[in-house]
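S.K.:
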Amino acid sequence: MLFSSNTVELLSCTMTGSNDTSSVTGTSKSKCVCDPENEEPTGSQLLEDHEARVLVDEWRLHKFQSPIELSHDNAIDHDHFDPLVFHGHWDKIGEATFENTGKTAVIRFQRNEAPYLIGGPLHEDIYLFEQLHFHWSDDDNGGCEHIFEGKAYSMEAHAVHYNKKYKSFEEAADKHDGLAVVGFFLEATDNDDNPCFKKLTAAVQNIIKVNTKTTIASDCLTWIKEEAQCKGYYTYQGSLTTEPYLESVTWILFKTPIHVSRQQVAHFRELKSTPCEKVKITNNVRPIQSPPPNKKINILYARSHRKSDD
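Reminder that position 121 of the sequence shown reads as 121 in the UniProt record's numbering, one-by-one numbering, no gaps.
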């Protein structure tokens, strides 16, 4: 998951670990070849009763690093959430931009009212859409961050939202209930292009250079609509997958991959990560993180009972 572009970057030209609590093993290094002398800085607690109700405030205090490996056998079935509802994510309102940040490709909306999430593990809190970005690698077999049932997919998309009760994404970012990120897997196949995803793969070819931006259709997220309306998802309390790895994220992950073509994924690997254009963004995936030996991640498998708004 990408932190706000206005604050901490996903990968800097030089990124090294440290011994403080924000440093986590497995972070990758990406050295800038443009100018080596002038590098840019860069559990939940469950009430074990017959209703299996979740004490959400306490659940959110049991935090872990992300991403993680998901397994249905290790998840706790939970049927007591209200439906998770998406509002405005695929509306034809305003306009959207698609930007190459040098670390990933990011979609943002320019609207009077941002799309928002409500329900599910978020309950009555409203979470406003901040941006959607992508993770990928140098091949089609390991471009996702989370792993489901031992399988890695070609890409992973993160729709980042922040709790409306805070004034901004930046203010919400370190709060225990500050962020909600919805994750979608993308699987590359040899079949035809995904027609709904074509809007993005056409646009991504216009942002090859770092820090370039293009305008795209405001309904550019229709490719996630079907999966976002499915009845089951996994949720757990985790962290940002980029520095400073703040443990403030309610993760919501849909297990069924969205199919795209191999060529559609390949277009993302052409994005440049440096002004000299000598380096491409070929891997922006954080490795799987393991919880401390004395802690167990409580992953909930939640079922919704009505579709999200159209």
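From the three backbone atoms N, C-alpha and C, an ideal C-beta is built for every residue, glycine too.
Could you work out which residue in Gln264, Ser137, Lys165 is closest to Asn194 when comparing CA atoms only?
M.R.: Of the candidates Gln264, Ser137, Lys165, the one whose C-alpha sits nearest the C-alpha of Asn194 is Gln264.
S.K.: Can you check whether the CB of Lys278 is closer than 8 Å to the CB of Leu271?
M.R.: No, the pair does not count as a contact, with Cβ atoms beyond the cut-off.
S.K.: Can you grab the Cα-Cα spacing for the pair Ser168 / Asp138, in whole Å?
M.R.: The straight-line gap from Cα to Cα measures roughly 34 Å.
S.K.: What residues in its chain sit with their C-beta under 7 Å from that of Thr21, if we drop five residues either side in the sequence?
M.R.: In this prediction, Thr21 scores a pLDDT of 34, lower than 50, which makes its location untrustworthy; no coordinate-derived value is stated.
S.K.: Counting Cβ pairs, one atom from each stretch, are 3 or more of them under 8 Å apart for the segment 138–150 and the segment 113–128?
M.R.: No, the segment 138–150 does not touch the segment 113–128.
S.K.: Around the C-beta of Pro293, are 16 or more other C-beta atoms found within 10 angstroms, so that it is buried, or is it exposed?
M.R.: Flag for Pro293 reads exposed.
S.K.: Assign Gln229 to one of three DSSP states: helix, strand, or coil.
M.R.: Of the three classes helix, strand and coil, the one that applies to Gln229 here is coil, per DSSP.
S.K.: Check whether the Cβ atoms of Gln131 and Val160 sit closer than 8 Å, and answer yes or no.
M.R.: Yes, Cβ-Cβ distance for Gln131 and Val160 is below 8 Å.
S.K.: I need the straight-line Cα distance from Tyr127 to Glu156, nearest angstrom please.
M.R.: In a straight line, the C-alpha of Tyr127 is about 20 Å away from that of Glu156.
S.K.: Using the rule of at least 16 other Cβ atoms within 10 Å of the residue's Cβ for burial, across every protein chain shown, is residue 311 buried or exposed?
M.R.: It is not possible to answer for residue 311, since the shown part of the chain is limited to 1 through 310.
S.K.: How far does the alpha helix (DSSP H) with Ala266 in it extend, from its first residue to its last?
M.R.: Segment 262–268, the alpha helix (DSSP H) holding Ala266.
S.K.: My understanding is that Ser248 touches Leu179, with C-beta atoms under 8 Å, so please give their C-beta distance in whole angstroms.
M.R.: With 8 Å as the limit, Ser248 and Leu179 qualify as a contact, their Cβ atoms being about 5 Å apart.
S.K.: Using C-beta distances below 6 Å, list every residue in its chain close to residue 314, excluding the 5 sequence neighbours before and after it, in chain order.
M.R.: Within the shown structure, residues of the chain are numbered from 1 to 310, placing residue 314 beyond reach of any answer.
S.K.: Cα separation between Asp82 and Asp177?
M.R.: Taking the straight line joining both Cα atoms gives about 18 Å.
S.K.: Taking the C-alpha atoms as reference points, what is the distance between Tyr233 and Lys225?
M.R.: If you take the alpha carbons of Tyr233 and Lys225, they lie about 14 Å apart.
S.K.: Look at Ser273 and Lys103 and say whether their C-beta atoms are less than 8 Å apart.
M.R.: In this structure, Lys103 lies closer than 8 Å to Ser273 by Cβ.
S.K.: Keeping to the same chain, check which residues put their C-beta closer than 6 Å to that of Phe129; ignore five residues upstream and five downstream.
M.R.: Same-chain partners within the cutoff: Ala114, Pro115, His161.
S.K.: Using the rule of at least 16 other Cβ atoms within 10 Å of the residue's Cβ for burial, across every protein chain shown, is Gly183 buried or exposed?
M.R.: By the neighbour-count rule (16 or more Cβ atoms within 10 Å), Gly183 is buried.
S.K.: Hey, how far is the Cα of Ala202 from the Cα of His267?
M.R.: Answer to the nearest angstrom: the Cα atoms are 9 Å apart.
S.K.: Could you work out which residue in Lys63, Ser154, Lys296 is closest to Lys175 when comparing CA atoms only?
M.R.: If we check each option's Cα against that of Lys175, Lys63 comes out closest.
S.K.: Measuring straight from C-alpha to C-alpha, what distance separates Gly88 and Val210?
M.R.: Approximately 29 Å between the Cα atoms of the pair.
S.K.: Taking DSSP as the reference, what is the three-state secondary structure of Val181?
M.R.: Reduced to three states, the DSSP call for Val181 is strand.
S.K.: How close, in whole Å, do the beta carbons of Trp90 and Leu221 come, if the pair is a contact with beta carbons under 8 Å?
M.R.: Yes, they are in contact, since the Cβ atoms of Trp90 and Leu221 sit about 5 Å apart, within 8 Å.
S.K.: Report the three-state DSSP secondary structure of Pro292 (helix, strand or coil).
M.R.: Three-state result, Pro292: coil.
S.K.: Looking at Arg108: is its Cβ nearer than 8 Å to the Cβ of Thr101?
M.R.: Cβ atoms of Arg108 and Thr101: not closer than 8 Å.
S.K.: Nearest CA to the CA of Pro275: which residue from His78, Ile208, Phe134?
M.R.: Ranking the options by Cα distance to Pro275, first place goes to Ile208.
S.K.: Could you give the residue range of the beta strand (DSSP E) that holds Leu300?
M.R.: Looking at the DSSP string, the run of the beta strand (DSSP E) that includes Leu300 is 299–303.
S.K.: Can you name the start and end residues of the alpha helix (DSSP H) that Leu200 belongs to?
M.R.: 198–204 is the extent of the alpha helix (DSSP H) around Leu200.
S.K.: Run the CB neighbour count on Asp140, radius 10 Å, all protein chains shown included, and call it buried at 16 or more, exposed below.
M.R.: By the neighbour-count rule (16 or more Cβ atoms within 10 Å), Asp140 is buried.
S.K.: Taking its Cβ as the centre, do 16 or more other Cβ atoms sit within 10 Å of Asn284, making it buried, or is it exposed?
M.R.: Classification of Asn284: buried, given that the 10 Å Cβ count is 16 or more.
S.K.: Classify Glu124 as buried or exposed, calling it buried when 16 or more other Cβ atoms lie within 10 Å of its own Cβ.
M.R.: Exposed: under 16 other Cβ atoms inside 10 Å.
S.K.: With a threshold of 6 Å on Cβ separation, who are the neighbours of Asp219 within its own chain once the five nearest residues in sequence on each side are excluded?
M.R.: Trp90, Lys92, listed in sequence order.
S.K.: Which partner residues does Phe64 have in the DSSP bridge list?
M.R.: According to DSSP, which records beta bridges pairwise, Phe64 is partnered with nothing at all.
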